[in-house]
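Residues are numbered in my numbering as their position in the sequence shown, beginning at 1, plus a constant of 1315.
Each residue gets a CB set at the ideal place from its N, CA and C atoms; glycine is no exception.
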Amino acid sequence: MRTVFTDPGSSDPQPLAQAIVYSPLVLGDDSAADRKNPNVHRLAAENGLNAVQLQRSVARRSTGIVARSAALATRPAAVDCRRPSAQKTSIHAGKTINRGDLSVSSDKQGVRFGIFGKILVTMLIVAAVPLGVVWYLDYLLIRDGLEQSIDQQLDNTSVQLATEVDQWVRMNQKVLQQNAALGDITSMDPARQKPVLRSILNEYDWSYLVFTTDNRGINIGRSDDKPPADYSDRAYVKAVVRGEPLAKQVVIGKTTGLPAVILATPIKGAQSVRDSVTGVIAMAMHIEELSERITNTAIGNTGFAFILDESGKVVAHQQKGSAPATTDFSKHPAYLQRPDSGSTLISYSTDGKDVVAAVRRSASGWYVVTQQDSAEAYAPLKKAQWRGIMVLVLTLAIVSLVAYSFSQGLSRPIKGLTAIADELSRGGNPGKIAEAQRGDEIGQLAAAIDRMGASIRLAMERLRKKRA
């Protein structure tokens, strides 16, 4: 704090000295040693006085200041006792001191953002930022792990179903090929073929018809008693006649009028013409019956599986009621995004719901699709997200509480020391400072303020003795 004194006998005020609290000039010591002080001579020279005149002038003013400070110790507010004729002396810390009656005013500015707030915000930032980063990284790891687990579950189901489908196809292919080699079948005699065809139907109850045709597609033998039919327009007949070892097709059955899956293999001729195809032996199965046998796999509460052939026709569908309604899934997202080999994970909307699905191409060429509603599939992920958020909020609350307590512990003694220093500046006597017993920097600051208070009290005592 800088204080400027004016010469009472001069119409043009000039600075005489800077008030130094512990200076012998302020304390009124007029010893010869002090008059030899170079600072005293410098200030005297600046103001056109000798050392003795300067010292006595400052001593007179310091006596008035200290006396006024002692009087203010019993008053809580600033006091203005100026006379109209008093000349004002400016003090740059918001206080004024006049010659004659002393005038002291204090402009105490409010603290906008105090040390408590700064410490609290700093601690929260230091604690919350690393905590948030760690939480987010852990969340990403958990999310990726759960997503992989969910996708893997669907893919594993598709692998299982594809394996079952391939085994089922190979089994039926083997049955047809073995019976196609029997003499009763190669004879192309309906009477001889019928007992064999009936035995196949009875053994494999998922089929509703076993029949044969010649190489033109004309029906020869049947396992039922219905009249022969013309199958020359069927793609599976044409494929077998061209030399395919196994042909598959989803059709609307001519016998039942319902969607059906047909498996067909060639009937070869006699030994001399072993490589020539003389006919076709085929097995027909209803899609609904087939669906119950090879796609009866539970995938949560909303998941199911279905199988499509190479052209997008439904081979089997687990969801009840949907398979007979339509057999053409060539526009279905699962078919449009089918892989050339292996499997792929896709997501799409159907019936107003978002679903996630795994599409796998089986060894037999069919596509196995396992799908589940996204809401159910990713429910564990959402639960994990909420748990993570709750843990984060709880942790931040604990960190905030600790930061608040710690900030209070740091700022409270500093505020107390500020109040003590303010009281000392007003001439008060705060007594013993408890914080001086601390072993940290705050304790050192408190001890320094305590010593300053003691020095001021000693100075005031010396002035009282001199005046007495």
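Three-way DSSP call (helix, strand, coil) for residue i in this model
i, result
"D1643", "strand"
"K1747", "coil"
"D1545", "strand"
"L1660", "strand"
"L1773", "helix"
"Y1523", "strand"
"A1496", "coil"
"T1733", "helix"
"M1486", "helix"
"M1503", "coil"
"Q1652", "coil"
"F1428", "coil"
"D1466", "helix"
"Y1693", "coil"
"L1739", "helix"
"W1701", "helix"
"W1450", "helix"
"S1715", "helix"
"R1753", "coil"
"A1761", "helix"
"G1267", "With the chain running from 1316 to 1783 in the structure shown, residue 1267 is simply not present."
"A1442", "helix"
"A1477", "helix"
Neighbourhood of residue i by C-beta distance below 8 Å, restricted to the same chain and skipping five residues each side
i, result
"S1658", "D1470, S1473, V1474, A1673, V1674, R1675, R1676"
"P1654", "V1674, R1675, R1676"
"N1530", "V1556, V1592, T1593, G1594, V1595"
"I1602", "V1565, L1573, P1574, A1575, V1576, V1629, V1630, A1631, H1632, A1638, P1639, T1642"
"G1558", "P1581, V1592"
"I1704", "none"
"Y1719", "L1435"
"D1499", "R1507, Q1508, P1510, V1511"
"L1711", "A1443, L1446"
Reference residue i; option with closest CA among the options
i, options, result
"G1568", "Y1546, F1428, T1478, V1555", "Y1546"
"D1755", "L1725, L1439, Q1482", "L1725"
"Q1686", "I1465, Q1700, A1443", "I1465"
"L1491", "Q1759, T1612, M1598", "M1598"
"A1690", "N1616, G1627, L1711, P1542", "N1616"
"K1697", "L1461, R1772, G1743", "L1461"
"Y1519", "L1605, G1498, F1619, F1621", "L1605"
"S1715", "G1429, P1560, V1441", "V1441"
"G1768", "K1646, D1540, A1783, G1746", "G1746"
"Q1467", "V1448, A1692, P1581", "A1692"
"A1631", "S1662, A1575, K1668", "A1575"
"Q1508", "R1753, K1489, G1447, T1528", "T1528"
"I1430", "P1542, R1779, L1455, T1733", "T1733"
"I1457", "K1541, V1717, E1738, R1702", "R1702"
"L1516", "N1487, E1738, D1624", "N1487"
"D1669", "T1612, Q1700, D1688", "D1688"
"V1708", "T1437, T1612, L1446", "L1446"
"M1600", "T1570, G1731, G1536", "T1570"
"Q1463", "L1773, V1671, F1526", "V1671"
Residue i at chain C interface by Cβ criterion, 8 Å
i, result
"G1657", "As a matter of chain content, chain C is missing from the structure shown, which is built from one protein chain."
6 Å Cβ shell around residue i - same chain, five flanking residues per side excluded
i, result
"D1344", "In this prediction, D1344 has a pLDDT of 44, which is less than 50 and means its spatial position is unreliable; what the coordinates show is noted afterwards. Closer than 6 Å at Cβ, skipping near neighbours: no residue."
"Y1551", "A1562, Q1564, I1577, A1579"
"R1549", "none"
"R1608", "W1521"
"P1648", "Y1663"
7 Å CB neighbourhood of residue i in its chain, flanking five on each side removed
i, result
"S1679", "V1480, D1481, V1484"
"A1751", "G1758, A1761, A1762, D1765"
"I1434", "S1722, L1725, S1726"
"S1626", "S1645"
"D1539", "L1524"
"A1736", "I1764"
"P1728", "E1750, I1757"
"Q1652", "T1659, I1661, V1674"
"V1683", "S1473, L1476, A1477, V1480, A1620, I1622, R1675, S1677"
"D1624", "K1563, V1565, V1630, W1681"
"R1513", "S1538"
"A1392", "Any reading at A1392 is ruled out, since the residue's pLDDT is 39, under 50, leaving its predicted position unreliable."
Beta-ladder partner(s) of residue i, from DSSP
i, result
"V1629", "L1623"
"Q1686", "F1619, A1672"
"I1614", "G1618"
"T1665", "K1668"
Handout entry: Every unbroken alpha helix (DSSP H) inside the segment 1528–1608 [4 residues or more]
Key = 1550–1556
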